Amino acid sequence: MRVPSLTLAAAGAALIAPALPAPATAVPPAVPPAAREESAVRDGAAAPGTGAARRDGGTRSGGAVRDGRATGRAARDGRAGRAEDAVTAARLLARAGTCTRVSRGRYRTDAGRPATVPVCGTRDAVFWKADLDVDCDGRPTAHCNRRTDPVFAAATAVLGSDGRRLNAETLPYIVVPAPSRRWDHRASGVRGGSVAAVVYRDRVRYAVVGDTGPRDLIGEASYATARALGIPPDPRTGGASSGVTYIVFRDSRIPAVEDRAAAMAEGERLARRFLTHP
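Counting along the sequence shown from 1, when you hit position 144 you're at 149 in the numbering used here, and nothing is skipped either side.
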């Protein structure tokens with residue numbers, strides 16, 4: 006169940022020498038045809054009747070095969086390297102499988118439910134596993150407005166680089182709990198515009214921190230985030246009841262919070278670091 010998000014101050018507001026004649030040489034004695042043929046066979050030359058072009062072609066063909074094998078190996082090695090370095094949902098979930106808690110207590114996923122969700126951390130990121138309630142707050146749009154969302158608020162805690170409210174329908178963002186004794190996200194290097202990876206089933210999508218919510222609840226993201234993850238984005242009936250992992254990269258930021266391409270590029274770079282650092 007969603008409750009209105011809290012509005013804080015804008016966070017962050019966020020490469021010739023000339024040819025000389027060849028020296029004269031003695032003309033070699035004639036070699037009998039049989040000897041030439043024997044020599045050709047010995048030297049691995051073409052059988053009688055084939056020309057130099059044929060011999061050269063055979064040599065090039067053998068080289069091409071060898072080179073092709075080498076190229077194939079290089080391609081396979083390249084694919085293996087890319088696969089090994091790829092940021093996948095499975096790898097991120099495995100990395101977030103161990104929790105070193107950074108929050109003093111735990112959060113509820115919805116009002117009235119038990120507090121079961123800790124905020125965990127590494128030196129590169131903080132993360133939690135919760136549900137996903139759909140946040141439609143910010144600029145009114147066709148799918149995010151007072152008619153479609155009973156708890157709609159025409160404001161977000163973070164503003165765009167142009168000073169305008171964020172657009173939940175088009176911008177993937179997540180919501181973090183307002184600072185409290187339980188956890189102050191600012192102390193963990195998390196602020197408005199920080200970059201996050203959100204994982205649901207086999208999907209990884211990148212977002213920014215765009216809003217704040219109640220001090221005791223966790224597990225909320227924008228309409229655009231839900232839709233990108235394949236989660237029903239309707240603010241009344243959509244969302245996911247569990248199985249969503251939020252990974253926010255410490256001290257990260259992009260110049261313009263609404264720049265989706267920058268968030269994706271920076272998110273993938275930071276996700277790789279998260280996967281490789283202890």
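From the three backbone atoms N, C-alpha and C, an ideal C-beta is built for every residue, glycine too. No experiment lies behind these values; they were computed from the predicted model shown.
Kindly indicate which three-state DSSP category residue i falls into: helix, strand or coil?
{"i": "Asp90", "result": "helix"}
{"i": "Glu225", "result": "strand"}
{"i": "Val122", "result": "strand"}
{"i": "Ala97", "result": "Residue 97 is actually Leu in this sequence, not Ala. Here Leu97 sits in helix by DSSP."}
{"i": "Thr146", "result": "coil"}
{"i": "Ala192", "result": "helix"}
{"i": "Gly218", "result": "strand"}
{"i": "Leu234", "result": "coil"}
{"i": "Arg106", "result": "strand"}
{"i": "Leu171", "result": "coil"}
{"i": "Ala158", "result": "coil"}
{"i": "Ala183", "result": "coil"}
{"i": "Leu275", "result": "helix"}
{"i": "Val176", "result": "The sequence as given places Leu at residue 176; Val does not occur at that position. Coil."}
{"i": "Ala35", "result": "Confidence at Ala35 is low in this model, with a pLDDT of 48, below 50, so its placement is unreliable and no value can be given for it."}
{"i": "Ala261", "result": "coil"}
{"i": "Thr281", "result": "helix"}
Can you list, in chain order, the residues of its chain with a C-beta nearer than 7 Å to that of residue i? Leave out the 5 residues immediately preceding and following it.
{"i": "Asn172", "result": "Gly143, Arg144, Thr146"}
{"i": "Thr230", "result": "Pro177, Tyr178, Ile179, Val203, Arg210, Ala212"}
{"i": "Arg5", "result": "The structure shown does not extend to residue 5, since the chain spans only 6 to 283, so no value can be given for it."}
Once you ignore the five residues that flank residue i on each side, which residues in its own chain have a CB closer than 8 Å to its CB?
{"i": "Arg241", "result": "Thr153, Asp154, Pro155"}
{"i": "Leu280", "result": "Val92, Arg96, Leu97, Arg100"}
Starting from residue i, follow its DSSP beta bridges and name the residues at the other end.
{"i": "Ala212", "result": "Ala201"}
{"i": "Arg133", "result": "Rather than Arg, the amino acid found at residue 133 in this sequence is Trp. Trp133 is bridged to Tyr251."}
{"i": "Asp140", "result": "Ser227"}
{"i": "Arg113", "result": "Leu222"}
{"i": "Leu164", "result": "Arg170"}
{"i": "Ala245", "result": "Leu137"}
Should residue i go down as buried or exposed, given a rule of 16 or more other Cβ atoms within 10 Å for buried?
{"i": "Gly86", "result": "Because the pLDDT at Gly86 is just 48, under 50, the model does not fix this residue reliably, and the value given afterwards should be weighed accordingly. With fewer than 16 other Cβ atoms within 10 Å, it is exposed."}
{"i": "Ala256", "result": "The sequence as given places Asp at residue 256; Ala does not occur at that position. So Asp256 counts as exposed."}
{"i": "Pro237", "result": "exposed"}
{"i": "Pro119", "result": "exposed"}
{"i": "Arg232", "result": "buried"}
{"i": "Ile190", "result": "For the record, residue 190 in the displayed sequence is His; it is not Ile. The residue in question, His190, is buried, as its Cβ has 16 or more Cβ neighbours within 10 Å."}
{"i": "Gly198", "result": "buried"}
{"i": "Ser227", "result": "buried"}
{"i": "Thr103", "result": "exposed"}
{"i": "Pro123", "result": "buried"}
With the cut-off set at 8 Å, would you say residue i and residue j are in Cβ contact?
{"i": "Ala202", "j": "Leu97", "result": "yes"}
{"i": "Val249", "j": "Ser193", "result": "no"}
{"i": "Ile291", "j": "Ala135", "result": "Summary: the structure shown does not reach residue 291, with the chain confined to residues 6 through 283, and so no result is reported for it."}
{"i": "Asp207", "j": "Thr161", "result": "no"}
{"i": "Tyr205", "j": "Ala245", "result": "yes"}
{"i": "Thr105", "j": "Thr121", "result": "no"}
{"i": "Arg220", "j": "Ser108", "result": "no"}
{"i": "Arg170", "j": "Ala183", "result": "no"}
{"i": "Asp129", "j": "Arg258", "result": "no"}
{"i": "Gly110", "j": "Val200", "result": "no"}
{"i": "Val163", "j": "Val214", "result": "yes"}
{"i": "His234", "j": "Phe254", "result": "The displayed chain sequence assigns Leu, not His, to residue 234. Result no, Cβ atoms of Leu234 and Phe254 do not sit closer than 8 Å."}
Can you name, in chain order, every residue of its own chain whose Cβ lies under 6 Å from the Cβ of residue i, other than the five neighbours on each side?
{"i": "Thr166", "result": "The sequence shown places Ser at residue 166, not Thr. The answer, listed in chain order, is Ala261."}
{"i": "Glu3", "result": "Only positions 6 to 283 of the chain appear in the structure, and residue 3 is not among them; the question remains open."}
Please tell me whether residue i has its Cβ less than 8 Å away from any Cβ of chain B.
{"i": "Pro260", "result": "In the structure shown, chain B cannot be found, because there is only a single protein chain."}
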